[in-house]
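Structure first, commentary second.
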Amino acid sequence: MAVSSYTGIRHGATISAPADPTRSGYVFNLWYADSNLTQRFEFATQTITANTTLYAKWWSGVVGDIGPAGGVVFHDKGTYSDGWRYLEAASTDVIHPTTGVTTFTWGGSTGTTINNTLVGGTSQAVGTGEANTTTIATLHPLAGSAARFCSEGFKQGGYSDWFLPSYEELDLMGKLSDTKSGAFTLLSNTYWSSSEKTAGNAYFINVTDKIKSDIPKTYTFKLRAARAF
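Numbering (UniProt numbering), first residue to last: 1 to 229.
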């Protein structure tokens with residue numbers, strides 16, 4: 001699908017992003033201001049002061065490849081539906097934006113917490129991590145939960161639509177980490193998922209020892225965010 005030219009733009013004005021173009025066999029990966037695709041165009045802040053050409057960046061769509069946000073694609077469900085087809089893992093673990101802490105309890109460690117509160121409605125299945133995260137953050141917006149640190153405190157590659165992966169999504173990440181020979185590595189051995197077991201327990205995965213179980217939410221583990229596209 002071609003994108004039409006913009007005309008009649010006032011000097012110094014910003015423009016709205018056009019609809020995403022399509023290309024058979026590829027996934028659109030943002031607009032860039034240069035043909036080398038190194039300068040991402042920020043529609044919200046960059047102004048038009050001369051004739052400007054934007055360049056589309058494309059991604060080939062293969063599990064194990066670098067994804068649109070600079071992470072690694074760890075799942076392809078085969079068809080595009082419900083707004084997504086692929087799942088991408090962040091390339092690094094989540095770090096607390098102000099304290100630099102790298103391990104987190106599931107339900108928060110200060111102020112309002114949900115370490116002994118049943119959220120309810122979460123799932124372990126692939127494709128449910130985003131919904132799990134939304135459920136947790138919506139029902140308990142004041143809790144400094146692991147889900148909120150992924151969805152509100154983490155950005156990578158210009159994207160902020162990250163979430164805490166479900167139990168089975170995290171398992172897929174672990175399996176990719178085992179097989180990619182350093183191309184993708186989970187930096188710690190133990191990570192939280194967004195899947196809850198009881199009011200006091202949630203599911204985790206120990207990548208090193210291949211342990212997949214539930215444990216009290218008060219334990220502190222690493223977080224690796226994911227996104228769907």
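We put the CB at the ideal spot given by N, CA and C, even for glycine.
For residue i, name the three-state secondary structure that DSSP assigns.
| i | result |
| --- | --- |
| residue 181 | Caution applies to residue 181, whose pLDDT of 47 falls short of 50 and renders its modelled position unreliable; the model cannot decide the point. |
| residue 40 | strand |
| residue 171 | helix |
| residue 227 | strand |
| residue 220 | coil |
| residue 204 | strand |
| residue 195 | strand |
| residue 163 | strand |
| residue 19 | coil |
| residue 4 | coil |
For residue i, decide whether its Cβ has a neighbour in chain C, counting only Cβ atoms nearer than 8 Å.
| i | result |
| --- | --- |
| residue 80 | No chain C is part of this structure, which consists of one protein chain only. |
Nearest-angstrom Cα distance between residue i and residue j?
| i | j | result |
| --- | --- | --- |
| residue 142 | residue 62 | 38 Å |
| residue 110 | residue 144 | 7 Å |
| residue 68 | residue 32 | 13 Å |
| residue 174 | residue 52 | 43 Å |
| residue 185 | residue 177 | 5 Å |
| residue 159 | residue 210 | 30 Å |
| residue 70 | residue 157 | 6 Å |
| residue 137 | residue 103 | 19 Å |
| residue 30 | residue 229 | 12 Å |
| residue 188 | residue 139 | 29 Å |
| residue 85 | residue 74 | 11 Å |
| residue 94 | residue 6 | 39 Å |
| residue 17 | residue 43 | 6 Å |
| residue 108 | residue 22 | 41 Å |
| residue 76 | residue 82 | 13 Å |
Identify which residue in the options has its Cα closest to the Cα of residue i.
| i | options | result |
| --- | --- | --- |
| residue 215 | 126, 106, 47, 185 | 106 |
| residue 117 | 26, 22, 197, 210 | 197 |
| residue 149 | 164, 212, 27 | 164 |
| residue 50 | 87, 228, 113, 8 | 8 |
| residue 45 | 15, 80, 58 | 15 |
| residue 134 | 64, 34, 208, 227 | 227 |
| residue 98 | 11, 229, 154, 169 | 154 |
| residue 80 | 168, 206, 27, 191 | 27 |
Which residues does DSSP list as the beta-bridge partners of residue i?
| i | result |
| --- | --- |
| residue 27 | 59 |
| residue 210 | Partner(s): none; residue 210 has no beta bridge. |
| residue 9 | Paired residues: none, contrary to the question. |
| residue 14 | Partner(s): none; residue 14 has no beta bridge. |
| residue 190 | 206 |
| residue 156 | 159 |
Practice item. Taking only runs that begin and end inside the stretch 58-146, name each unbroken alpha helix (DSSP H) of 4 or more residues, in chain order. Key: Entirely contained in the stretch 58-146, the alpha helix (DSSP H) runs reaching 4 residues are, in chain order, 129-139.
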